[in-house]
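S.K.: All letters in the sequence shown, in the order written, are residues -28 to -1, 1 to 876 by mature numbering (1 follows the signal peptide of the UniProt record, and there is no 0).
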Amino acid sequence: MKLKSIFKCLTITAILSQIAVSPVTSFAENSNGKKADNKTNVEEKSNIQGLLGYYFKDAQFQDLTSIKVGEQSDKLIDKARVIKSNQTIHSVRWMGRVNPSQTGEYTFSTSSDQHIILQINGENIIDQSEMKKTIKLEKDKVYELKIEYRNTKNTLPDLQLFWSIDGKAKEPIPPKNILLPNFSEKENLPNNKKDMLLLPNFNLFDNKSYSSKLIDTDTDKDGISDEWEEQGYTFKDQQIVKWEDSYLAQGYKKYVSNPYKARTVADPYTDFEKVSGHMPEATKDEAKDPLVAAYPAIGVGMENLLFSKNENVTEGASGTKSKSVTDTNTNTNSVEVGGEVGGALNPFAFASFKVSTKYSHSWTNSTAIQNSESGSWSRQIGINTAESAFLNANVRYYNAGTAPIYELRPTSNFVFQNSGTSIATITAGSNQIGNSLGPSDTYPKREQAPISLDKANEAGTVKIVINGEQLNAIQSHSEKLNLETTQNKGQYGILDDTGKLITDASKQWDPIRTNIDAVSGSLILDTGTSKENLERRVAAKNENDPEDKTPEITIGEAIKKAFNAKEKDGRLYYTDRTEKNMYIDESSVNLIGDEKTQKEIEKQLEQMQDKKVYKTKWKRGMNITLRLPVAYYDFEANGNTNWYYTNQENGGYTGKKHGMIGQNGNGYAQKNLELQPYTSYTARAYVKTASPTGKNNVVFYADSTINGDGNGARQNVTIEGDKWQVIEFSFNTGGHPEYFQKLGLKNTGNTNLQFDDVSVTEWRRALGENLIQNGNFDKGKEYWESLMGLPSFEVKDGYLIGNSTNIVMNKSLGVKPNTKYKIEYDLRINPGSISKPKILILGYASGSLNEMIEDEVNVSNDWQTYILDFTTASDTQNIIFGIYDAQSGGYYNLDNVKCREVLL
């Protein structure tokens, strides 16, 4: 008797691996070994020189049409460009700064002074006529420059700006002497400095204020009008322009932002600076979107572990041993997904969302060391188990975010995973600083040797120490040494007036990241082991504040923005660093979130007809990870389905094509699945019959045979009608991944079966294989016995019937010392009986059998699943699972017994 429904939800625990990618920009120390200055100046290729020009259709500076960045004095108005843009312009305002190269008496002029008012530091120098007297300017001093131009004629002439110094011939002002406005200063201007605003509500010609209903207002003073921020804009031809749908086909992005906040996502750059690229050159393109944070995401990964009896732990030294860490996965977050292994048929795509009871953004690097040596490491390096060994971890820094970080000093904890024992907390010392780590980058570079972490304090005076017993526990795999990255000290950079990168101790990422986290949600694209993974923060509205004008977007739109994704045939794809396109639409990935995120999404879906996660609203505080599959079939390649006995037809669940097998057909993938042992997977397919009246029996399988009747896993469902539905099931490969090589669909019914977006997704192991043999009693009493061999139980209808006359036990199980295990079992009172069952866990150590646990179960008349967690002792080698009834004359029923190692 099997009480578990095959339609129960998935049980897996996934750790999402974070391996950063090939280096772009990283350096640590000067070649002479001296640490770089605290203030960093680096040349950046940003167009910071020139004026900022606001172009208006009308003569009252009210109807804004474009914002031009980097206007030069020799062609403030380019008549040919205006004609080409098919714009009608009657007024222009230029804002910026002038920085003289020499002290002297200056005269400013233009090619059309009668249409100009020009101010230096708020003083009118040209007022619709020639400049009457000179103005003294000092070398290398920056002056505010404001120019307004009005011309009611239909055709604008070319316009140039000149200066003359100490009565010499006039000349166009050199580009090096004209600078853009200081955007940070503009956003903090007091109300009495309205003449310095980028978009004031008055003009110099009329010298009066206009109603906000008549003029394009700029509430947050970032230089972009409120209307544009709410309705959309883009950066085109080096100018910010109001969005038009025709721009999409030209490859431009539509931006929206909060008109009440100069920094919508609270990162170091204003919305204007972001969309115009006025940021460090290493910043990712996606962070140009005002809703996507410029944000570093740093992790530390261990690649090699050295241990020695000597305090000087170096490679090749006497008494030192080196072991490569062969399973180095730096994780952005840990995920535990609840439920039971099984399958489901779902008419909606919500089946692709998994809820996590544990979802954290700590970076954890677990060491998994392959070892075939018989001698213990403690003996090999010459210490006994009570003596100390010194550690040296070879590590590399990773940045999975969107922004560079400077003067990087990560803080990491060495922690034993099973026992929770913390060995050391380490903040990078002076010789371990990464002076510059760009996004999608590593420090040191991949082709360079990793950093050595062998000191437990910044001063470098305390060693990292473990004892011989702990060392041998790592060797035997009964312990894992985790490297948890808890925080990262580091600086952000801004561009100065000349386009140079400036960093200093006042520009710390920590408070910035705190603010970013508070106004956003998290998205992680997890592509799997040895591939690039990405972490992003996307702004979301504060629903408790009616004044918050942060644009509302869907989860799908947030994903598109976060990963700079493109659309093709209605499908969303991300392009990795190798120029490979990876589809990330909802049917192509597995979505994982925390419980709060799941509840919010479920609440929204209840009110929606089209129940797609990607169409729900993106909310502040959401945490979602996109997990890419290890096998995926979309049937889009012309004439090639990559499946046997499968035809290609037009029209898919996504894209333009789908696969089809006929009545009584069996289609399966040409390539065998290459799966890992003792690992959980989810298989998913979108299916429908070819007819509104179709009714087919469908077997979706990952099996050892092409008929789906072997040793693998399968899901048998009935599909009715021509509406797309989801078939999904999960399985664990155990010790035989070859049982699951064939991926296919069998169809039996009155019409063809159509299917699309077939995938298999891998999850990191949460629990080991079930150590209990015949825990479901399919083999009768095999592997089960009574104490002293007395007959006191029977197996009937697929479950055990026990009583109070004796203890029933499973065969002895080999276990690891100091290791967490989970016991699960189904139990009820035998019908018509009474019962008071007790569970026994007996441990075998040092030649004797000892009671570890005796647990009385509050059992009912209905089947229930019970869970018992325990940790083995330091000398435990074997355990025995036992059960007996403490109630005289009692009878109980037992089924589905499992004992598995907890791997997280």
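We treat Cβ as the ideally placed atom computed from N, Cα and C, and that holds for glycine. All figures in this text were calculated on a predicted structure; none of them were measured in a lab.
Which two residues bound the contiguous beta strand (DSSP E) that contains K629?
M.R.: As a first step, residue 629 must be located in the sequence shown, where it is residue number 657. Start and end: K629 to I633.
S.K.: Tell me where the beta strand (DSSP E) around L380 begins and ends.
M.R.: Along the sequence shown, one-based indexing puts residue 380 at 408. Per DSSP, L380 belongs to the beta strand (DSSP E) from I377 to F388.
S.K.: Starting from the Cα of Q420, find the closest Cα among L169, T399 and R368 and give me that residue.
M.R.: Along the sequence shown, one-based indexing puts residue 420 at 448. Nearest option by C-alpha distance: R368.
S.K.: Rounding to the nearest angstrom, what Cα-Cα distance links T399 and F386 in this structure?
M.R.: Taking the sequence shown and counting its residues from 1, one reaches residue 399 at position 427. Taking the sequence shown and counting its residues from 1, one reaches residue 386 at position 414. T399 and F386: Cα-Cα distance of roughly 11 angstroms.
S.K.: Consult DSSP for F842 and reduce its assignment to one of helix, strand or coil.
M.R.: Here residue 842 corresponds to residue number 870 of the sequence shown, with the count starting at 1. Reduced to three states, the DSSP call for F842 is strand.
S.K.: Quick one: residues in its chain with C-beta nearer than 8 angstroms to the C-beta of K166, no 5 flanking neighbours on either side, listed in chain order?
M.R.: Taking the sequence shown and counting its residues from 1, the one referred to as residue 166 is at position 194. Taken in chain order, the residues that qualify are P172, N173 and F174.
S.K.: Out of curiosity, what's the CA-to-CA distance linking N775 and L812?
M.R.: Taking the first residue of the sequence shown as position 1, residue 775 is located at position 803. Taking the first residue of the sequence shown as position 1, residue 812 is located at position 840. Roughly 15 angstroms separates the two Cα atoms.
S.K.: So L772 and N865 are supposed to be a Cβ contact under 8 angstroms. How far apart are they, rounded?
M.R.: As a working mapping, residue 772 is identified with position 800 in the sequence shown. As a working mapping, residue 865 is identified with position 893 in the sequence shown. Right, the Cβ-Cβ distance comes to about 7 angstroms (below 8 angstroms), so this counts as a contact.
S.K.: DSSP three-state call for L717: helix, strand or coil?
M.R.: Stepping through the sequence shown from its first residue, residue 717 is reached at position 745. Strand.
S.K.: Give the single residue among T82, I779 and R235 whose Cα lies nearest to the Cα of S492.
M.R.: Counted from its first residue, the sequence shown places residue 492 at position 520. If we check each option's Cα against that of S492, R235 comes out closest.
S.K.: If you measure between the beta carbons of I150 and W135, is that distance less than 7 angstroms?
M.R.: Locating residue 150 in the sequence shown gives position 178, counting from the first residue. Locating residue 135 in the sequence shown gives position 163, counting from the first residue. Cβ distance not < 7 angstroms, so I150 and W135 don't count as in contact.
S.K.: Quick check on the DSSP output: the beta strand (DSSP E) that includes N487 runs from which residue to which?
M.R.: The residue you call residue 487 lines up with position 515 of the sequence shown. N487 -> not in any beta strand (DSSP E); alpha helix (DSSP H) instead, spanning W481 to A490.
S.K.: Along the chain, where does the beta strand (DSSP E) that runs through F712 open and close?
M.R.: By 1-based counting over the sequence shown, the position of residue 712 is 740. Counting along the chain, F712 falls outside any beta strand (DSSP E), and DSSP gives it neither H nor E.
S.K.: Please report how far the alpha carbon of D194 lies from the alpha carbon of L715, in whole angstroms.
M.R.: Here residue 194 corresponds to residue number 222 of the sequence shown, with the count starting at 1. Here residue 715 corresponds to residue number 743 of the sequence shown, with the count starting at 1. So the two alpha carbons sit approximately 55 angstroms from each other.
S.K.: Which two residues bound the contiguous alpha helix (DSSP H) that contains R737?
M.R.: As a working mapping, residue 737 is identified with position 765 in the sequence shown. Premise fails: R737 is in no alpha helix (DSSP H) and is neither H nor E.
S.K.: Nearest-angstrom Cα distance between G721 and N669?
M.R.: Mapped onto the sequence shown, residue 721 falls at position 749. Mapped onto the sequence shown, residue 669 falls at position 697. Spanning the two alpha carbons is a distance of roughly 6 angstroms.
S.K.: Within 10 angstroms of the Cβ of Y586, are there 16 or more other Cβ atoms? Answer buried if so, exposed if not.
M.R.: On the sequence shown, position 614 is the one that residue 586 refers to. Classification for Y586: buried.
S.K.: What are the boundary residues of the alpha helix (DSSP H) that A530 is part of?
M.R.: Sequence index remark: in the sequence shown, residue 530 carries index 558 (1-based). Here the alpha helix (DSSP H) through A530 covers I527 to A534.
S.K.: Got a sec: does the ligand ZN put a non-hydrogen atom nearer than 6 angstroms to the Cβ of T791?
M.R.: What this structure holds is no ligand at all, so the ligand ZN is not there to describe.
S.K.: Rounded to the nearest angstrom, what separates G94 and S156 at their Cα positions?
M.R.: In the sequence shown, residue 94 corresponds to position 122, counting from 1. In the sequence shown, residue 156 corresponds to position 184, counting from 1. C-alpha separation (whole angstroms): 19 angstroms.
S.K.: CB-CB under 6 angstroms to I119, same chain, minus the five flanking residues each way: which ones, in chain order?
M.R.: What you label residue 119 is simply residue 147 of the sequence shown in a count that begins at 1. W66 and L90.
S.K.: Quick check on E216: does DSSP put it in helix, strand or coil?
M.R.: Residue 216 sits at position 244 when you count from the first residue of the sequence shown. Residue state, collapsed to three classes: coil.
S.K.: Around the Cβ of I717, are there at least 16 other Cβ atoms within 10 angstroms (buried) or fewer (exposed)?
M.R.: Position 745 of the sequence shown, counted from the start, is the residue given in the question as residue 717. The question names Ile, but residue 717 is Leu in the sequence shown. Classification of L717: buried, given that the 10 Å Cβ count is 16 or more.
S.K.: Could you name the residues of the same chain whose beta carbon sits closer than 8 angstroms to that of N163, not counting the 5 residues immediately before and after it, in chain order?
M.R.: Here residue 163 refers to the residue found at position 191 when the sequence shown is read from its first residue. None.
S.K.: Contact check, L380 vs G465 under 8 angstroms by CB: the rounded distance?
M.R.: As a first step, residue 380 must be located in the sequence shown, where it is residue number 408. As a first step, residue 465 must be located in the sequence shown, where it is residue number 493. With a Cβ gap of about 12 angstroms, L380 and G465 do not count as contacting.
S.K.: Mind the definition here: the region 725 to 739 touches the region 596 to 608 only if three or more C-beta pairs lie below 8 angstroms; say whether that holds.
M.R.: Touching, per the Cβ criterion.
S.K.: Look up Y172 in the DSSP assignment and give the residues it is bridged to.
M.R.: Here the question's residue 172 lines up with position 200 in the sequence shown. It is Pro, not Tyr, that sits at residue 172 in the sequence shown. Bridge partners of P172: none, in fact.
S.K.: Taking DSSP as the reference, what is the three-state secondary structure of Q210?
M.R.: Stepping through the sequence shown from its first residue, residue 210 is reached at position 238. Three-state DSSP puts Q210 in coil, outside helix and strand.
S.K.: Nearest CA to the CA of T499: which residue from P601, E77, W481 and S218?
M.R.: Numbered from its first residue, the sequence shown carries residue 499 at position 527. For T499, the nearest C-alpha among the options comes from P601.
S.K.: Taking the alpha helix (DSSP H) that R53 belongs to, which residues open and close that run?
M.R.: Counting from one through the sequence shown, the residue named residue 53 turns up at place 81. Looking at the DSSP string, the run of the alpha helix (DSSP H) that includes R53 is K51 to K56.
S.K.: Where does W200 sit, in a helix, a strand or coil, going by DSSP?
M.R.: Walking along the sequence shown from the start, residue 200 turns up at place 228. Correct three-state label for W200: helix.
S.K.: Please report the residue range of the beta strand (DSSP E) in which T399 lies.
M.R.: Taking the sequence shown and counting its residues from 1, the one referred to as residue 399 is at position 427. Unbroken beta strand (DSSP E) run through T399: S394 to T399.
S.K.: Quick one: complete beta strand (DSSP E) runs, 3+ long, within the region 131 to 160?
M.R.: You should have 133 to 137.
S.K.: List the whole-angstrom C-beta distance separating S408 from P376, where the pair is believed to meet the contact cut-off of C-beta under 8 angstroms.
M.R.: For the purposes of this step, residue 408 is taken as residue 436 along the sequence shown, with counting starting at 1. For the purposes of this step, residue 376 is taken as residue 404 along the sequence shown, with counting starting at 1. Between P376 and S408 the Cβ distance is about 6 angstroms, and since that is below 8 angstroms, they are a contact.
S.K.: Tell me the DSSP bridge mates of Y640?
M.R.: The residue given as residue 640 occupies position 668 in the sequence shown. Y640 pairs with Y616 and G716.
S.K.: Once DSSP output is grouped into helix, strand and coil, what is the label at K751?
M.R.: Counted from its first residue, the sequence shown places residue 751 at position 779. Here K751 sits in coil by DSSP.
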